[in-house]
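Taken in order, these protein sequences are the chains called A and E. Everything in the first sequence is counted per the working numbering, starting at -7 for the first residue and increasing by one. Everything in the second sequence is counted per the working numbering, starting at -7 for the first residue and increasing by one. Below is one structure, written out as structure tokens, with a few remarks after it.
Number of protein chains: 2
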Amino acid sequence: MPRPSSARLDKTGIVQIAASLGVSPSTVSRALRPETSHLVRADRRKQIMDMAEKQHFSPNPGARMLRKGANATLTVVVPFDENIFFSEYYGRFLAGTLHAAAARGWGVQISTMRRSENTNFREAMQHMSLESSGIIYLAEPLTHQELEELKGFRRPFVLTKSTLPEDVDVRALGLPVLSVDNLSGARSVASLLLQLGHRRIGLLLGPEGSRDAHERKQGYLEMLQKNGAVPRPEWIYSGPFNAESGRAGIEKILKCAERPTAICCANDEIAFGAMHAAHLAGVRCPDDISIVGFDDGHWATACQPALTTIRQPLSDLAERAVGLIVEAANNPGQIRRFVSDDMPASMMIRESTGPLRRSE
Amino acid sequence: MPRPSSARLDKTGIVQIAASLGVSPSTVSRALRPETSHLVRADRRKQIMDMAEKQHFSPNPGARMLRKGANATLTVVVPFDENIFFSEYYGRFLAGTLHAAAARGWGVQISTMRRSENTNFREAMQHMSLESSGIIYLAEPLTHQELEELKGFRRPFVLTKSTLPEDVDVRALGLPVLSVDNLSGARSVASLLLQLGHRRIGLLLGPEGSRDAHERKQGYLEMLQKNGAVPRPEWIYSGPFNAESGRAGIEKILKCAERPTAICCANDEIAFGAMHAAHLAGVRCPDDISIVGFDDGHWATACQPALTTIRQPLSDLAERAVGLIVEAANNPGQIRRFVSDDMPASMMIRESTGPLRRSE
DNA sequence: GCTTGCATTGCAAACGTTGTCATTTGATAC
DNA sequence: GTATCAAATGACAACGTTTGCAATGCAAGC
């Protein structure tokens, strides 16, 4: 039996409720919204709410949004990765975003973006911004061409410096970029090792192509060079940001005739791997070797020994990103081509670093 | 709220663009949407797109939503917690949700929900569902009263069993509930220990009030009792789901005159804490004591020794949750009061369990 | 009885976009 | 030149809610 064309009785709107009670839609609308419900006589209000309940009414989000103007939602674009939430960076940044957005009454939408496919970047961004008022881009590194495309993008958005190619000058870029000061973070922790007396310092660096890895490397090298502690080439290892890379790196370094007495790692996971492999090899930390990480990951205090590392102000970063989006959304037209200062990272000195032993 | 009627000439809509080019809004709409842009002559399309670019046009999401019907977005409600993403449960579930939603062309919105305040639960849910087509509730445990309220809730939603009070019968509840089979997971891992010859088995249980903790406890006890291996009271410890709790628990247990030879933990973090404290106390795992966890957390394979544990099918769970929401959104009216079967968990046998030593 | 003021309700106009027509345009074939 | 047909465009009506304004009813004050 084809359904009678008149049907769709199940479509409950404010109008149906009004009709079934013999009142006007206006009254129903007023009764149902807390801000205006005082305008409706108490008994009628109850009547309406009961009927809404009975008819399983729920307001049409689109209509309300249209009527009220903007939607208080921003989109965070993250890489498509099974383990995305477990990374200190994304996990803490996202939590910060949720927090900051909630404080402003905003919602957060999380979208993944795969860059491998040959999808049009511009269109993908357009599509994402369609249902929200702004974008925080945290996904995979952008190409120069995509950055150019982004200059013409007219919805509020924010990048993090981590998504930029190494050779891009942030100040000259003219896009809203937020960042953590990798350079001085790396310098300060290298400086700590120097102060502890270490001169033979190895480096377990991150992957090629990562701007974060590059800047941390710069920071380490710069500080070491300035103090005449240039690491030997065989003390330097590059690999992905994971524990396995740390293991491989330290194993290679421990084979050297002359070993370093301290190691700077490009992030905590590398440091964990290194610490673990060193332990297995009978090399004690910090007695035989000092190790520093970067990120202050979730397990930095839980591991043995607790890791000396750099804490990135990710919740501040998130707070700022959300603030920029909300501001831009509230002042359309005058989009600020904002270039942020680096936000300072702080050193967390724990147990994995110690003074150089006298015998060395 | 009276909007600033004076200014806002810059309010670019499809209509303004049409006007400035002397074409009709329909044409602009068609030109701007990829699906229909082929209907517009190429040169005109370019003209329109350029103008849209120049005027910083971006489509009004509300209007589109209203016109098109539903919006393909679902909301995941999680507890308000700084470290939310680092928990294996939420991290993997959310990643699974993102994956499953993306596969269907849906977006995912993540909302936090604090239960401590005396906010009206119903209203909070209502508010959340306002901007999306369905809700997956993963936040803090619900009260009986809230469950009752939920029965009248007419937007698509799904709960997980973890959010229910211990004494609620899922089958009788009549709400869409998804769950992992804690019971048989716990049974299987207890059974493994028994097969390895262990009879003196301790329990490091989770917090009171957590349904997951309760069910795992049930599973452990049931299997042990059935095999005449009832644990002594002093071998049982309850605490929060974290490593500290595991440390405290094992320390208490190690003080007993007669020590157990194996320990079942309510989750991985507790197991980590226990393993760590045992190590510090000179008790070797698995030689002196076997330890099993629950969750197959991110570090279960990274720790030393690798942890024998139960892997929850969280991505399957997420996939199913998203599937139910999407289905419900596509078939409004016929909301299924769906009660899921438990989804089976699988045992991951690693290095933290070993056979009972002969001397024992 | 008439005004005044207040509480309550209805009317109708938006909000910006999209899809369904109907209409125009342009090209091709006769 | 006209008929034919497809492509391109325009006119217009929704979509469901909110809100300014007007209308009504009611009670109190004169």
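All C-beta atoms in this analysis are idealised placements derived from N, C-alpha and C, irrespective of residue type, glycine included.
I need the straight-line Cα distance from residue i to residue j, nearest angstrom please.
i	j	result
Thr28/E	Ser18/E	11 Å
Gly61/E	Ile128/A	27 Å
Ala93/E	Asp173/E	24 Å
Asn259/E	Pro305/E	15 Å
Ser171/E	Val284/E	21 Å
Arg25/E	Val70/E	34 Å
Pro(-6)/A	Leu58/E	Because Pro(-6)/A carries a pLDDT of 30, less than 50, the predicted location of this residue cannot be relied on, and the following value inherits that uncertainty. Spanning the two alpha carbons is a distance of roughly 27 Å.
Gly97/A	Tyr229/A	46 Å
Glu343/E	Arg276/E	12 Å
Glu80/E	Arg179/E	21 Å
Gly14/E	Arg22/E	15 Å
Arg192/A	Thr253/A	6 Å
Leu142/E	Leu316/E	17 Å
Arg37/E	Val7/E	15 Å
Val68/A	Thr104/A	8 Å
Ser121/E	Glu319/E	16 Å
Where do the ends of the alpha helix (DSSP H) carrying residue i lie?
i	result
Leu90/E	Glu80 to Ala95
Pro17/A	Pro17 to Leu24
Gln8/A	Ile6 to Leu13
Ile341/E	Per DSSP, Ile341/E belongs to no alpha helix (DSSP H) and is neither H nor E.
Leu139/A	His136 to Lys143
Leu184/A	Asn174 to Gln187
Leu272/A	Asp260 to Leu272
What's the call for residue i, buried or exposed, on a 16-neighbour Cβ count within 10 Å?
i	result
Arg239/A	buried
Glu207/E	buried
Asn322/E	exposed
Gln101/E	buried
Arg146/A	buried
Cys256/E	buried
Val181/E	buried
Arg0/E	For Arg0/E, the predicted model reports a pLDDT of 36, less than 50, meaning its position is unreliable; a value from the coordinates is still stated below. Label assigned to Arg0/E: exposed.
Ser16/E	exposed
Glu200/E	exposed
Ser(-3)/A	Residue confidence for Ser(-3)/A is low, a pLDDT of 30 falling below 50, so the modelled location carries little weight; the figure read from the coordinates is stated next. Exposed, since its Cβ has fewer than 16 Cβ neighbours within 10 Å.
Val222/A	exposed
His136/A	exposed
Pro148/A	buried
Pro53/A	buried
Excluding five sequence neighbours on each side, which residues of the same chain lie with their C-beta closer than 8 Å to the C-beta of residue i?
i	result
Asp279/E	Gly346 and Arg349
Leu156/E	Pro133, Leu134, Leu139, Val162, Leu165, Val169 and Arg203
Cys295/E	Phe264 and Met267
Leu90/E	Val100
Where do the N-terminal and C-terminal ends of the beta strand (DSSP E) with residue i fall, by residue?
i	result
Phe149/A	Phe149 to Thr152
Gly99/E	Gly99 to Met105
Ala254/E	Ala254 to Cys257
Ile127/A	Ile127 to Tyr129
Gly355/E	Residue 355/E lies beyond the residue range present for chain E, which begins at -7 and ends at 352; the question has no answer from this structure.
Arg303/E	Thr301 to Arg303
Ser230/A	Ile228 to Ser230
Pro347/E	Pro347/E -> no beta strand (DSSP E), and no H or E assigned at all.
Pro53/A	Segment Pro53 to Lys60 is the alpha helix (DSSP H) holding Pro53/A; no beta strand (DSSP E) there.
Using a Cβ-Cβ cut-off of 7 Å (strictly less than) and excluding sequence neighbours within five positions of residue i, which residues of its own chain qualify?
i	result
Lys46/E	none
Met43/E	Ile9, Ser12 and Leu13
His48/E	Thr4
Could you check whether the Cβ of residue i sits closer than 7 Å to any heavy atom belonging to the ligand ADP?
i	result
Ser202/E	With respect to the ligand ADP, the structure shown offers nothing to examine, as it has no ligands at all.
Give every residue of the same chain whose Cβ lies closer than 6 Å to the Cβ of residue i, excluding the five residues on either side of it in the sequence, and list them in chain order.
i	result
Ile262/E	Leu196, Ser237 and Gly238
Ile242/E	Ala266, Ala269 and Ala270
Asp159/A	none
Arg107/E	Glu132
Leu31/E	Arg22
Trp227/E	Gly194, Ile245 and Pro252
Ser338/A	Arg303
Any contact between the region 281 to 297 of chain A and the region 78 to 96 of chain A? By contact I mean 3 or more CB pairs, one from each, below 8 Å.
yes
With a threshold of 8 Å, are at least 3 pairs of Cβ atoms found where one atom belongs to the region 200 to 218 of chain A and the other to the region 63 to 71 of chain A?
no
Does the region 267 to 277 of chain A come within contact of the region 230 to 246 of chain A, defined as at least 3 CB pairs closer than 8 Å?
Yes: at least three Cβ pairs fall under 8 Å.
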